[in-house]
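Visitor: Can you read through this structure? Questions will come right after.
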DNA sequence: GTTTAAATTTAAGCATTCCTAACAAAAAAG
DNA sequence: CTTTTTTGTTAGGAATGCTTAAATTTAAAC
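Residue numbers (the numbering used here), protein chains in the order written: chain A, 178 to 431; chain B, 178 to 431.
Structure (C-alpha cells):
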C-alpha cells in the first residue's frame, strides 16, 4: 500500500535495526545516509510514517518499527530476496547483478505474484547472498550462528554462508577472486598490524582488509549446517538448467 | 529514462494510434480516457513530452509520436508483452490475470533484464493475447491479416488469434466460455437486428454482442498461419512443465 | 557547568503530477 | 453563417518528496 519511497524508508529502517542487533532504535542520520537523501527529507518522512502507524518516533531520539511497520518491511524484504533468487537461479544473473534489479522489481510485485514466484522457486529460505527470506507471514527461517571473517581462526577451513551486498564494487571484487556462496576457504594468517586476513581461495591467496572481511560470514567446514543454503540453490539451479537445455529449435522470432 | 507516468502516456498514445490505423494523430480526450485522468492533466503532459522530444504536438489538433517517442513506446510495449508471456508460460497465470501485473513490472525492468527474459523465453514473437512483441530494435514481427469476428462468415470454422484486453471483465467472460488463443470456433449465425454473432465453442453456443466481438480476431481454420503463435507458446509451456515436475523433495522451507 | 559540536527538526522553495473550474478554439447544428 | 456543443488549454491549488538554510535540541569537550 505505501508508495515506493515509503517502502524504501521502511526497508532501510528494518535493515539498519537488523544490523544494529540489540540497540533497535534507528537514527535519522543512518536512514538518510543509507538512502542517500538529506536528513531533512528523512525527518519529514519519519513523521509521515509515524502518522500512518508504521513507526514509533521519539523526537530527537530515533524511530522503531511498529508491528504494522515490521510486517510491511518484512514483506518488502521478502519481495526483494525472492526476486534476487529468481534472477540468479532461473535467469542466470550473477549474484552481484541482482541487487539493483530486485530493488526495482520489489516495488512492482503484488502479493499474488510473489506467492506464485515463491511456489515456483520451491519456497526458498535464503537469497543468493545467504540472507533469510521471510515467509508470507513474516517469519524468518532459523539460521545457524555465522562467523564474521574476523572470528575465523587461522589454519581452519570454512564455507562462505552470507555476504552483505552493501557495495557493488566490493561484490564485484569478491566475485573476481572466486568467492561465492558455499565456496570453501582456508584462513592462512591474520596481520595484527591492520587486522587484515589472508584467505586461500581455490589455491590462491588474497589479503582482505578488516572492513571488507566484515561483509563476509562463514560456517566451519564439516559443519553440516552449511547445507541449509545449498539444498535450495542447487535444486533451483537444476530446474533452470533443464529448462535451458530443452530449448526447442525454430522457436526464435523472424 | 522517462518516469512511470510519462511511460504510461507514451504507451497509451502508441496503442491508440495503433488501433486507429490510418489516422495516426491522437487526441487529448482519447489519451485522457484510456489513462482515466483529466483532459487537463493530459494536455499538460503532452506539452512536457513535446518539449522532451517524444511528441509532435499541433495545438488543438492532436499529437504524433516522434521517432524517439516511437522507439520509447515500443520498448515499453516490449517490456509489457514479454512479462505477460513470462507470467502465463512460466508461472502459469491465466491470460486474464497477466495484464495488471505486467502493467506494474514494465516500469521496473532494465533493458538488460528484458534481454535475459527474452532469451529465456526463446525470443517469443507474440504475447498471450496474440499481440506482437517488438524486438530490441523496435521491429514488429510479420503478422498475417486477422479477421475481426464481424468479418467471419457463418458456417465456417476459425481459430482465435488475438484478443484485445481492454476490459478485465470481458476477458473473464471470454475465459469462462472457453475462449483461448488457438481455440477452434464455428460461426453459427449472425443477427442483423444487433449484429451479434452466435459462436459454437467446444460444442456450446454463445451469443456475442458486436462490441464484444470487436475484441476478437481470427484466422480461418486450416490456415497454416495460425501456427505462428503456438510454436512459441507450446515450447515455453513445455519448459515450464519440465521445471515444475523436477521439484526435488525437501526443498521447502522450515 | 558552560561552551562547542553534532544531530534533528522546521521553514521556504522547487519539480511532478494530479485535480476542478474557467476560458478558448474547433466542430456540429440549426 | 451564426449559435451551440464538444474538445482543448490555461489557471489556481493540492499532495508527494526532494532540496538548502536556519533554528533547535542533545551530546561532547573543556
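Glycine included, each C-beta is placed from N, C-alpha and C at the ideal position. These numbers come from a predicted model, not from an experiment.
1) List the residues of chain A whose Cβ lies closer than 8 Å to the Cβ of residue 294(B), in chain order.
2) Mind checking the region 180 to 197 of chain A against chain B and listing, in chain order, the residues whose C-beta falls within less than 8 Å of any C-beta there?
3) Cβ of residue 271(A) less than 8 Å from any chain B Cβ?
4) Along the chain, where does the beta strand (DSSP E) that runs through residue 364(A) open and close?
5) Give the range of the alpha helix (DSSP H) segment to which residue 216(A) is assigned.
6) Counting along the chain, where does the alpha helix (DSSP H) carrying residue 206(B) start and finish?
7) Would you call residue 331(B) buried or exposed, if buried means 16 or more other Cβ atoms sit within 10 Å of its Cβ?
8) Should the region 267 to 287 of chain B be regarded as contacting the region 316 to 324 of chain B, the criterion being three or more beta carbon pairs within less than 8 Å?
9) Is it true that the CB of residue 233(A) sits closer than 8 Å to the CB of residue 219(A)?
10) Taking Cβ-Cβ distances shorter than 9 Å, what residues in chain A pair up with residue 287(B)?
11) Beta-carbon separation of residue 303(A) and residue 311(A) under 8 Å?
12) Does the Cβ of residue 207(B) have 16 or more other Cβ atoms within 10 Å, making it buried, or fewer, making it exposed?
13) Would you decide whether residue 357(B) is buried or exposed? Buried here means 16 or more other CB atoms lie within 10 Å of its CB.
14) Classify residue 327(B): buried if its beta carbon has 16 or more other beta carbons within 10 angstroms, exposed otherwise.
15) Please report the residue range of the alpha helix (DSSP H) in which residue 447(A) lies.
16) Sorted by chain position, which residues of the same chain lie with C-beta nearer than 7 Å to residue 398(B)'s C-beta, five sequence neighbours on each side aside?
17) Ordered along the chain, which non-local residues of its own chain (more than five positions away) have a Cβ less than 8 Å from that of residue 270(B)?
18) For chain B, is any of its Cβ atoms less than 8 Å away from the one on residue 251(A)?
19) When burial is assigned at 16 or more other CB atoms within 10 Å of the CB, is residue 259(B) buried or exposed?
20) With DSSP as the reference, label residue 427(B) as helix, strand or coil.
21) Under 8 Å, Cβ to Cβ, is there at least one residue of chain B near residue 431(A)?
Guide: Quick look at the numbers:
1) In the second chain, the residue the question calls residue 294(B) occupies position 117. Correct list: 268.
2) none
3) Position 94 of the first chain, counted from the start, is the residue given in the question as residue 271(A). So no, residue 271(A) is outside the interface.
4) The sequence position of residue 364(A) within the first chain is 187, counting from 1. Where residue 364(A) is concerned, the enclosing beta strand (DSSP E) stretches over 361 to 368.
5) Your numbering for residue 216(A) matches position 39 in the first chain. Here the alpha helix (DSSP H) through residue 216(A) covers 216 to 228.
6) The sequence position of residue 206(B) within the second chain is 29, counting from 1. 205 to 212 is the span of the alpha helix (DSSP H), which, as asked, contains residue 206(B).
7) Working through the second chain from its first residue, we reach residue 331(B) at position 154. Looking at its Cβ environment, which holds fewer than 16 other Cβ atoms inside 10 Å, residue 331(B) is exposed.
8) no
9) Position 42 of the first chain holds residue 219(A). Position 56 of the first chain holds residue 233(A). Not in contact: residue 219(A) and residue 233(A) (Cβ atoms no closer than 8 Å).
10) Against the second chain, residue 287(B) aligns to sequence position 110. Under the 9 Å cutoff, chain A gives 277, 278 and 281.
11) Here residue 303(A) corresponds to residue number 126 of the first chain, with the count starting at 1. Here residue 311(A) corresponds to residue number 134 of the first chain, with the count starting at 1. No.
12) To locate residue 207(B), count along the second chain from 1; it is residue 30. With 16 or more Cβ atoms within 10 Å of its Cβ, residue 207(B) is classed as buried.
13) For the purposes of this step, residue 357(B) is taken as the residue at position 180 of the second chain. The residue in question, residue 357(B), is exposed, as its Cβ has fewer than 16 Cβ neighbours within 10 Å.
14) As a position in the second chain, residue 327(B) is number 150, starting the count at 1. So residue 327(B) counts as exposed.
15) It is not possible to answer for residue 447(A), since the shown part of chain A is limited to 178 through 431.
16) As a first step, residue 398(B) must be located in the second chain, where it is residue number 221. Taking residue 398(B) as the centre and dropping the five residues before and after it, the same chain places the C-beta of 334, 335, 336 and 361 closer than 7 Å to its C-beta, in chain order.
17) Numbered from its first residue, the second chain carries residue 270(B) at position 93. Cβ neighbours of residue 270(B) beyond the five flanking positions: 264 and 278.
18) Start at 1 with the first residue of the first chain, and residue 251(A) comes out as number 74. Chain B, which has no Cβ nearer than 8 Å to the Cβ of residue 251(A), makes this no.
19) One-based indexing of the second chain puts residue 259(B) at position 82. Residue 259(B) should be labelled buried.
20) Counted from its first residue, the second chain places residue 427(B) at position 250. Below a pLDDT of 50, predicted positions are generally treated as unreliable, and residue 427(B), at 32, falls in that range; no measurement from the model is reported.
21) Residue 431(A) sits at position 254 when you count from the first residue of the first chain. Caution applies to residue 431(A), whose pLDDT of 31 falls short of 50 and renders its modelled position unreliable; the value that the coordinates give is listed next. Interface residue, yes.
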